[in-house]
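Participant: Okay, handing you the structure first.
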Amino acid sequence: MSTLKCPTCGGTDIETGAHTVCTGCGVVLEDQVIVNEMTFDEGPSGHVMASGTFVSSDSTGVASSFNAGLMIGGKESKEVTLQNAKRGITRICQKLHLKPDIIEAAVNYYKLVLKKNLTRGRKQQINHAACIYIALRFDQSELLLIDLSDVVGVCVHELGRTYMKFAKELCQNPPSTGKFCLKLPPSLKNIYKLLL
1482 MSTLKCPTCG GTDIETGAHT VCTGCGVVLE DQVIVNEMTF DEGPSGHVMA SGTFVSSDST
1542 GVASSFNAGL MIGGKESKEV TLQNAKRGIT RICQKLHLKP DIIEAAVNYY KLVLKKNLTR
1602 GRKQQINHAA CIYIALRFDQ SELLLIDLSD VVGVCVHELG RTYMKFAKEL CQNPPSTGKF
1662 CLKLPPSLKN IYKLLL
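Position in the sequence shown (first residue = 1) + 1481 = the working numbering.
In structure tokens:
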């Protein structure tokens, strides 16, 4: 017997579980009861882990499982990813002797693309370089995409595709360099000069 009382029939024979139901008239009193308790399960290898669902105060959609969020050194996976991105972006910018403003802008662009899940399935160096290139375009830097790809050591075509995808998804229309560059191997430079 429960201390709850059915507002419809006045009965006190209430069954609780996933749903709270009056057994007298069949009215569902509570649906999907949220419980504020912690439960633990034992995994196949014998380790114990918290089980359940975490619902944050600003949650608007599906709750995340306790086991889904990876914790590394007491920090959430997303926090670690952002720290690694800042470190990677800073390293690339230092190689190119870029201003701290570019680093900050590139990290902010990275946060936006991370929020839209655009970084999945790509090498982090390419994600970092694409964010740097967006920041460079808005800073109206003369650095070319091919120069950035050389420093990072990635394919210029893949970097260009990633840059275009990020710019499009972020609704950014960065200004172009206004500069045409034709890079030829040393053996072909003489032929090119003859053609001009």
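For each residue, glycine too, the CB sits at the ideal point set by N, CA and C.
Between residue 1635 and residue 1604, is the Cβ-Cβ spacing less than 8 Å?
Facilitator: A contact, by the Cβ cut-off of 8 Å.
Participant: Within the continuous alpha helix (DSSP H) that includes residue 1638, where are the two ends?
Facilitator: First-last of the alpha helix (DSSP H) with residue 1638: 1637 to 1650.
Participant: Here's a check: name, in chain order, each residue in its chain whose Cβ is nearer than 7 Å to the Cβ of residue 1573, leaving out the five neighbours to either side.
Facilitator: The residues are 1609, 1610, 1613, 1632, 1633.
Participant: If you draw a straight line from the alpha carbon of residue 1585 to that of residue 1521, how long is it in whole angstroms?
Facilitator: So the two alpha carbons sit approximately 41 Å from each other.
Participant: Quick one: grab the DSSP three-state call for residue 1511.
Facilitator: DSSP places residue 1511 in strand when its eight states are reduced to three.
Participant: Tell me where the beta strand (DSSP E) around residue 1523 begins and ends.
Facilitator: It spans 1520 to 1523 - the beta strand (DSSP E) in which residue 1523 sits, taken as one unbroken run.
Participant: In whole angstroms, what separates the C-alpha of residue 1579 from that of residue 1563?
Facilitator: Distance between the alpha carbons of residue 1579 and residue 1563: 20 Å.
Participant: Given that a residue counts as buried once 16 or more other Cβ atoms are within 10 Å of its Cβ, and exposed if not, what is residue 1484?
Facilitator: Looking at its Cβ environment, which holds fewer than 16 other Cβ atoms inside 10 Å, residue 1484 is exposed.
Participant: Going straight from the alpha carbon of residue 1530 to that of residue 1504, what length do you get?
Facilitator: Roughly 36 Å separates the two Cα atoms.
Participant: If you run the structure through DSSP and keep just helix, strand and coil, what is residue 1503?
Facilitator: Reduced to three states, the DSSP call for residue 1503 is strand.
Participant: Could you spell out where the alpha helix (DSSP H) holding residue 1560 opens and where it closes?
Facilitator: 1558 to 1576 is the extent of the alpha helix (DSSP H) around residue 1560.
Participant: Going by C-alpha distance, which of 1498, 1502, 1497 is nearest residue 1489?
Facilitator: Ranking the options by Cα distance to residue 1489, first place goes to 1502.
Participant: Taking residue 1587 as the reference, which of 1602, 1576, 1569 has the closest Cα?
Facilitator: Minimum Cα distance to residue 1587 is reached at 1569.
Participant: Between the alpha carbons of residue 1561 and residue 1596, how many angstroms are there, rounded?
Facilitator: Computed Cα separation, rounded: 14 Å.
Participant: So what's residue 1585 in DSSP terms, helix, strand or just coil?
Facilitator: Correct three-state label for residue 1585: helix.
Participant: Return the CA-CA distance between residue 1487 and residue 1497, expressed in angstroms with no decimal places.
Facilitator: So the alpha carbons of these two residues sit roughly 12 Å apart.
Participant: Report the rounded CA-to-CA distance for residue 1623 versus residue 1565, giving the unit in angstroms.
Facilitator: Roughly 27 Å separates the two Cα atoms.
Participant: Hey, would you say residue 1647 sits closer than 8 Å to residue 1617, going by beta carbons?
Facilitator: Cβ distance not < 8 Å, so residue 1647 and residue 1617 don't count as in contact.
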